[in-house]
Amino acid sequence: MKNIDFFGCKKDNTNLDTRKEGNRVSPVTEVNFEVVDPENADLRELITFLDEELKMRYPHETIYVVDFEDPKVKEMTFVVAYLNGKPVGCGGLRPLDYIGIEIATMELKRFYVDSSYRKMGIATNMLLFLEEQALAAGFKEIRLETGIKQPEAIALYVKHGYQPIDLFGPYIGDPDSLCYGKNLDVDVLSESS
Numbered sequence: 000m001k002n003i004d005f006f007g008c009k010k011d012n013t014n015l016d017t018r019k020e021g022n023r024v025s026p027v028t029e030v031n032f033e034v035v036d037p038e039n040a041d042l043r044e045l046i047t048f049l050d051e052e053l054k055m056r057y058p059h060e061t062i063y064v065v066d067f068e069d070p071k072v073k074e075m076t077f078v079v080a081y082l083n084g085k086p087v088g089c090g091g092l093r094p095l096d097y098i099g100i101e102i103a104t105m106e107l108k109r110f111y112v113d114s115s116y117r118k119m120g121i122a123t124n125m126l127l128f129l130e131e132q133a134l135a136a137g138f139k140e141i142r143l144e145t146g147i148k149q150p151e152a153i154a155l156y157v158k159h160g161y162q163p164i165d166l167f168g169p170y171i172g173d174p175d176s177l178c179y180g181k182n183l184d185v186d187v188l189s190e191s192s
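What follows is the structure in structure tokens.
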């Protein structure tokens, strides 16, 4: 696979220069995106943080968690974002096989950036990285579910071309869910220019 430059972040895990004012991080930081195994400790910890954040917004029983015991989880692609070596974000892609989905489609799952590291471009670059991973694997569409109480996530997805779609799969009938989709093509790669 060729390396695609996303604002300084290459697929081969080279860096992304991120500038942030304040004392939280140094003025120039390095972000690497690494494809990891579902057993990765950093991934598991970030997903735990995501679940804790979601529990502050939604009833616990309505949160869609990853069952790491499910054999289908092994088919997923997981990515961890490392800022100067510290895990600060994660995301996953899984092939969709629901009835009625006719094109090669992936679902974006467990997309999260630690709240201390938001508004630095990490989420945008991680989303582009995951889109490129889906394209490289031959998928033509990404779908996702997010919650009605996550305006920052909704804004990110809409900004990057995701359109509202009907609820699908386990989200059908869930009043707290919103679903979005995006057809992938070479235009995805040009977004990073």
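Throughout the sequence shown, residue numbering follows numbering that gives the first Met the number 0, covering 0 to 192 in sequence.
Cβ atoms here follow ideal geometry from the backbone N, Cα and C, with glycine treated the same way.
The model shown is predicted, which means the values in this text are computed figures rather than measured ones.
Exercise for review: Would you decide whether Met55 is buried or exposed? Buried here means 16 or more other CB atoms lie within 10 Å of its CB.
Suggested key: Per the 10 Å Cβ criterion, exposed.
Review point. In terms of residues, what are the limits of the beta strand (DSSP E) holding Leu126?
Key: Segment Ile121 to Ala135 is the alpha helix (DSSP H) holding Leu126; no beta strand (DSSP E) there.
Point to revise | Segment contact flag, the region 152-162 with the region 58-70, C-beta cutoff 8 Å, min 3 pairs | key: Taking 8 Å as the limit for Cβ pairs, the verdict is that the region 58-70 does not touch the region 152-162.
Check your understanding: Roughly how many angstroms separate the alpha carbons of Ile153 and Val64, rounded to a whole number?
Key -> Spanning the alpha carbons of Ile153 and Val64 requires a straight line of approximately 19 Å.
Review point. When DSSP builds the beta bridges, which residues end up paired with Leu143?
Key: Leu143 has Leu107 and Tyr179 as its beta-bridge partners, per DSSP.
Review point. How far does the beta strand (DSSP E) with Lys85 in it reach, from first residue to last?
Key: Lys85 to Pro94 is the span of the beta strand (DSSP E), which, as asked, contains Lys85.
Point to revise | Own chain residues within Cβ distance below 7 Å of Ser176, not counting five before or after | key: Taken in chain order, the residues that qualify are Glu144, Gly146, Leu166 and Tyr170.
Exercise for review: Throw me the rounded Cβ distance for the Val112 and Thr76 pair, which I believe falls under 8 Å.
Suggested key: Not a contact, Cβ separation roughly 18 Å.
Practice item. Ignore the nearest five residues each way along the sequence and tell me which others in Ala133's own chain have a CB closer than 7 Å to its CB. Key: Result list for Ala133: Leu92, Met105, Ile141 and Leu183, in chain order.
Check your understanding: What does Asn31 pair with, by DSSP beta-bridge criteria?
Key -> Bridge pairing for Asn31: Tyr81 [DSSP].
**Study point:** Close beta carbons around Ser25, own chain, < 6 Å, minus the five adjacent residues each side
**Key:** Model confidence at Ser25 stands at a pLDDT of 44, short of 50, so the residue's coordinates are unreliable; what they give is reported in the following sentence. Taking C-beta separations shorter than 6 Å and ignoring five residues to either side along the sequence, Ser25 has no partners in its chain.
Exercise for review: Under 8 Å by Cβ, that's how I've got Met125 and Gly90 pegged, so tell me the actual separation to the nearest angstrom.
Suggested key: Contact between Met125 and Gly90 is confirmed by a C-beta separation of about 6 Å, below the 8 Å threshold.
Review point. Does DSSP put Pro163 in a helix, a strand or coil?
Key: Strand, per DSSP.
Check your understanding: Contact check, Ile46 vs Val87 under 8 Å by CB: the rounded distance?
Key -> Contact doesn't hold; Cβ gap of about 13 Å is too wide.
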